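Take a look at the structure below.
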Amino acid sequence: MKRYLLQRIGFMLITLFIIVTATFFLMQLLPGTPFTNPEKLTESQLAILNAKYGLDQPVAIQYIQYIGNLVQGDLGYSFQHEGRTVTSMISDRIGPSAFIGLQALVIGAIIGLVLGIVSALRHNSILDYGSVTLAVLGMSIPSFVFAALLQYYVGVKLEWLPVALWEGYSSTLLPSIALSVTVTATVARFIRSEMLEVIGQDYIITARAKGLKENQVIVKHVIRNALIPVVTMLGPLAVSIMTGTLVIEKIFAVPGLGEQFTLSILVLDYSVIMGITIFYSALFILVVFVVDIIYSFLDPRINYKGESA
Amino acid sequence: MTGNTPHLPPHQDLQAQNQYAYDEIPSDLFVKAPLDQRKSEEIGTPSVSFWKEAFQRLVKNKGAMISLIMLVLLIALALIGPSMNEFSYREQNLVHSNMPPKVQGMEWLGFNGQDSQGVDQYAERDVQINYWFGTDEFGRDLWTRVWKGTQISLFIALVAAFLDLVIGVIYGGISSFYGGRIDNVMQRIIEILMGIPNLIVIILFILVLEPGITSIILAMVITGWVGMARVVRGQVLQLKGQEFVLASRTLGASNPRLISKHLLPNVMGPIIVTVMFTIPTAIFFEAFLSFIGLGLQAPLASLGVLIEDGYKSMRYFPYKLIFPALVISIIMISFNLLGDGLRDALDPKMRK
Amino acid sequence: MSNTILTVDNLHVAFKTQTGKLTAVRGVSFDLKKGETLAIVGESGSGKSVTAKSIMQLLPTATTEVTKGDIVYNGESLLKMTKRQVTNLRGSEISMVFQDPMTSLNPTMKVGKQIMEGVQRHEQVTKAQARERALDMLKLVGIPQAENRLDNYPHQFSGGMRQRVVIALALACNPKVLIADEPTTALDVTIQAQILDLMKDLQKKTDTAIILITHDLGVVANMADRVAVMYGGKIVEQGTLDEIFYNPQHPYTLGLLQSMPKLNEDRSQPLLPIAGSPPNLATLGEGCAFAARCPHTMTVCHTYTPRDTVSETGHSVACWLQDPRIAPSEEAAELVETGNSSL
Chain A
-2 MKRYLLQRIG FMLITLFIIV TATFFLMQLL PGTPFTNPEK LTESQLAILN
48 AKYGLDQPVA IQYIQYIGNL VQGDLGYSFQ HEGRTVTSMI SDRIGPSAFI
98 GLQALVIGAI IGLVLGIVSA LRHNSILDYG SVTLAVLGMS IPSFVFAALL
148 QYYVGVKLEW LPVALWEGYS STLLPSIALS VTVTATVARF IRSEMLEVIG
198 QDYIITARAK GLKENQVIVK HVIRNALIPV VTMLGPLAVS IMTGTLVIEK
248 IFAVPGLGEQ FTLSILVLDY SVIMGITIFY SALFILVVFV VDIIYSFLDP
298 RINYKGESA
Chain B
-6 MTGNTPHLPP HQDLQAQNQY AYDEIPSDLF VKAPLDQRKS EEIGTPSVSF
44 WKEAFQRLVK NKGAMISLIM LVLLIALALI GPSMNEFSYR EQNLVHSNMP
94 PKVQGMEWLG FNGQDSQGVD QYAERDVQIN YWFGTDEFGR DLWTRVWKGT
144 QISLFIALVA AFLDLVIGVI YGGISSFYGG RIDNVMQRII EILMGIPNLI
194 VIILFILVLE PGITSIILAM VITGWVGMAR VVRGQVLQLK GQEFVLASRT
244 LGASNPRLIS KHLLPNVMGP IIVTVMFTIP TAIFFEAFLS FIGLGLQAPL
294 ASLGVLIEDG YKSMRYFPYK LIFPALVISI IMISFNLLGD GLRDALDPKM
344 RK
Chain C
6 MSNTILTVDN LHVAFKTQTG KLTAVRGVSF DLKKGETLAI VGESGSGKSV
56 TAKSIMQLLP TATTEVTKGD IVYNGESLLK MTKRQVTNLR GSEISMVFQD
106 PMTSLNPTMK VGKQIMEGVQ RHEQVTKAQA RERALDMLKL VGIPQAENRL
156 DNYPHQFSGG MRQRVVIALA LACNPKVLIA DEPTTALDVT IQAQILDLMK
206 DLQKKTDTAI ILITHDLGVV ANMADRVAVM YGGKIVEQGT LDEIFYNPQH
256 PYTLGLLQSM PKLNEDRSQP LLPIAGSPPN LATLGEGCAF AARCPHTMTV
306 CHTYTPRDTV SETGHSVACW LQDPRIAPSE EAAELVETGN SSL
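Chains as they are written, first to last, in my numbering: chain A, -2 to 306; chain B, -6 to 345; chain C, 6 to 348.
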């Protein structure tokens, strides 16, 4: 187990290093410098700015410096916001994103589980068709389309919930609901198919042959075993939530990381784009890793000890 | 046969209903009949080819068939829609800006030319021509733009899916067919690519490549092929271990023959299914990029650009958002349902 | 016949398929006496597994249906019982052991817990008592270091050990009837013998009646008191072990015996396979199901279904060759002769 963990961590670091390197050199390919836009700057002012951010150094030196700083958790300074470090910008912005993201995950997981379980237990009934249809809609309709419609009908027309901005708990609801749709659909579809598969297994017949009551069979054997692989969905779900936050925070004016990212893209704030890219990638890699570890505890068949032997 | 006196079976009452009067069976039937070897070897159901059976299963799937019809309809509209009236997708007419949708005879459906205040803009501004989906702030006809946008979105998605297919099949095929060290190295590369959220890569590449149709396609293909490569590799590895491939190899089949006769036909199903799911993903990414401002530049339209435009003026002109949003949703739903249907049809065991 | 514990009477079971009903079991009748072992023999698709599962009512109700007949346990019809009553009988009165020990245990539950579940369901016991019982059962079926093994997961056992666990699970509540559906088919030959010995041994200790479903005549010879031979959803011949092995009357039974290698016989003697393939249940109409493959087939066999001919000893055969109207031709004599000389 220990050896497996070390291997995995090593591989994670290599992946992250490749991402950082690729991002860094891609940024070098970008047209112009971050200071091309403000035309008021004179030659000498530009030179001072370039020197300040080390842009006059050769690329190799810049790269080594960047890696060196990164190891210490320093992602450099924003080019657009005078004197602000990228690290502080990320830490200021992560709160709202994490809040609506986790809230969406909880809402989506609960509704998705209920829909999926009901669907599988009432296979081929109207309930099943209904929730399968809902799941297809949720998977298919782009989250920003759904968010925009939600904002228009619930926010503007019905005025039930705040249209946008970050003022109190009620303003977190619409963005969370918009984000949760994909989660709901994914979880519902997944748990449904897992349960249908488990129901067809021989050991369910064994459980029935033992004389267990039908609800005991369903709860202790079917649902329990179908829930375990749901953990593996956390990786893809984390990605879908991250993707979702980019547009949904823009739509609902949530002061989160996603909104910062789209803003920085529009004003070409390279260091912030790079910083957030690296942060997202690291987060994703970490989620996948944690999911694998959790899964190995939940499913007794998976045994990493075997790998070290 | 002494001692075996025939008498009725113990459960006589239940069996009686389908028994004949045994004594009435004519004795001349008790003669040896020739054994018909063919009859005993007869196979119960006629054999149907795999593809034919899959097709039959697909046709039975109502959702998939409706989706197929919807897609054919939408593709046809994307092709001929822009030329169904006299407007072009880029022609501006500021006098006719922000006209609500109006269709003769479909007023009851909301195509009545009234804006969100209930004012009939056509009467107010004395406009004689009907704009079916209304116009945008530059007076461009939205009917034309929506179908032109659909055309471009579909084009981007199809080209991206095709390139994913080509790269994925070649990469996955080589990796799995040759195996060993080649496979090992190629798999490590895939693992690293899988470790990166692909949206981030797409955004970075778009930034570098300057927004445009080509750069959007390229950016999507850079990460998109990985999924296809994994499907192909998985399938080939699974097939390689099976006896019929081993048998064919033992009989001296060459590699090209093995690939074309045994591997490809069996990998076809999963490949088709994967393509069917790649297309909606590509459509989603295109719209997504346009929505965060990395899409096509005006006056070019794609569904994403139109949704972004529509979203900005949603409060006062909701129709600008609703039409492109509807089209993209129908396309996504149809591709997903068709993909599901194909998966069920091609591999009933894979059913999810 | 007061010691009869289970009676299956003219059982018909049909599958609902897309093309209509397909009758897989078409009139199976047998009695099971206390403590005896009845082997049901037949090739794949003969309906033996379906018969077994329909006794326990473990067939999916959405796709299967008992269309005719009855199953009587201890004087009560299982088919007329409520769902709850049937559930109460399962595991406590009638138990089942399945073919593949690799898939018949829940992979994410400790084996001890899986045995305890059944005990706790049927008996008023504390958790500790149930655990004690599980431990006793594991010891009984010969699992070494049973104390430590209670908390292991199924994948930590070998195939043979797993089948022992399945047997322990089935016998945990002292059932009167054990249905073993090809219990050794998925196991290595050496392990097969161990499992069979275990089952025989346990049967002596617990006096459980066993219905043994198998296609392996070797297993039958080893275990059975009585044998029922199934073909095309019907029992074609039924009798004691000796009657079936030394005095087979049905051409199918004879064919089965002749296709089995014997240790004491000249090895140069080729095995005689039964020509043709099993019948297609969907197109099977009136007449004997075996007629198309039978070397002694007569005109009557194709149009009329033969009824059971039962001897005084209870040896019953469903074959027109038993009919007195048959011309005392050479074939009948030949059949009896080959039947006797084959063993």
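C-beta: ideal position from N, C-alpha, C; glycine also. Since the model is a prediction, treat every value here as computed from it, not as a measurement.
On a CA-only basis, which of the options is nearest residue i? Give me that one, please.
i         : options                                       : result
HIS218(A) : TYR200(A), MET230(A) and ALA206(A)            : TYR200(A)
LEU63(C)  : ASN47(A), VAL178(A), ILE196(A) and THR183(A)  : ILE196(A)
ALA154(B) : ILE323(B), THR274(B) and ALA338(B)            : THR274(B)
ILE199(B) : LEU287(B), LYS305(B) and VAL320(B)            : LEU287(B)
LYS39(C)  : THR304(C), VAL225(C) and LYS209(C)            : LYS209(C)
GLY74(B)  : ASP134(B), LEU289(B) and PHE170(B)            : ASP134(B)
ARG169(C) : GLU152(C), PRO329(C), GLN197(C) and LYS181(C) : GLN197(C)
TYR251(C) : PHE20(C), ILE240(C), GLY238(C) and ARG231(C)  : ARG231(C)
GLN231(B) : LEU257(B), ILE215(B) and ILE209(B)            : LEU257(B)
GLN104(C) : GLY165(C), CYS299(C) and LYS88(C)             : GLY165(C)
With DSSP collapsed to three states, give me the class of residue i.
i         : result
ALA44(C)  : strand
VAL305(C) : helix
LEU276(C) : coil
GLU81(C)  : strand
ASN15(C)  : strand
TYR60(A)  : helix
SER327(B) : helix
From residue i to residue j, what does the alpha carbon distance come to, in whole angstroms?
i         : j         : result
ASP125(A) : GLU70(C)  : 24 Å
SER137(A) : MET325(B) : 5 Å
GLN90(C)  : LEU83(C)  : 9 Å
GLY74(C)  : VAL13(C)  : 8 Å
LEU202(B) : ALA280(B) : 18 Å
GLY172(B) : LEU244(B) : 21 Å
THR66(C)  : LEU183(C) : 22 Å
ARG154(C) : ILE323(B) : 56 Å
GLU98(C)  : PRO266(C) : 38 Å
LEU239(B) : ARG174(B) : 21 Å
VAL68(A)  : GLN62(A)  : 10 Å
Less than 7 Å between CB atoms is the rule here; does residue i satisfy it with respect to chain A?
i         : result
ASN79(C)  : no
ASN329(B) : yes
PRO188(C) : no
HIS301(C) : no
SER61(C)  : The sequence given here has Met at residue 61(C), not Ser. Yes - at least one Cβ of chain A is within 7 Å of the one on MET61(C).
MET325(B) : yes
THR113(C) : yes
Any C-beta of chain B sitting closer than 7 Å to the C-beta of residue i?
i         : result
TYR309(C) : yes
VAL30(C)  : no
PHE14(A)  : no
GLN304(C) : A small correction: the amino acid at residue 304(C) is Thr; Gln does not occupy that position in the sequence shown. So, interface residue.
TYR149(A) : yes
For chain C, find out if any of its Cβ atoms is closer than 7 Å to the Cβ of residue i; answer yes or no.
i         : result
ASN222(A) : yes
LEU211(B) : no
LEU209(A) : yes
LEU22(B)  : yes
Mind listing which residues of the stretch 299 to 311 of chain B have their C-beta closer than 7 Å to chain A's C-betas, in chain order?
ILE300, TYR304, MET307, ARG308 and PRO311
Listed in chain order, which residues of the stretch 130 to 146 of chain A have Cβ atoms closer than 8 Å to some Cβ of chain B?
VAL133, LEU134, MET136, SER137, ILE138, PRO139, PHE141, VAL142, ALA145 and LEU146
According to a CB-to-CB cut-off of less than 7 Å, which residues of the stretch 185 to 203 of chain A neighbour chain C?
GLN198, ASP199, TYR200, ILE202 and THR203
Selection of the stretch 258 to 275 of chain A by Cβ proximity to chain B, strictly under 7 Å
Within the stretch 258 to 275 of chain A, the residues whose Cβ lies closer than 7 Å to some Cβ of chain B are THR259, ILE262, LEU263 and THR274, listed in chain order.
Taking beta-carbon pairs under 7 Å, can you tell me which members of the stretch 134 to 155 of chain B lie near chain A?
none
Between the stretch 220 to 240 of chain C and chain B, which residues of the former have a C-beta closer than 7 Å to a C-beta of the latter?
none
In the stretch 228 to 242 of chain A, which residues sit with their C-beta less than 7 Å from some C-beta in chain B, listed in chain order?
Those would be VAL236, MET239 and THR240, in chain order.
Which residues, in order along the stretch 93 to 110 of chain C, keep a beta-carbon less than 8 Å from a beta-carbon of chain A?
ASN93, LEU94, ARG95, GLY96, SER97, SER100, MET101, PHE103, ASP105, THR108, SER109 and LEU110
To be precise: take each residue of the stretch 282 to 301 of chain B, compare its Cβ to all Cβ atoms of chain A, and keep it if any distance is under 8 Å. Which residues remain?
PHE284, ILE285, GLY286, LEU287 and ILE300
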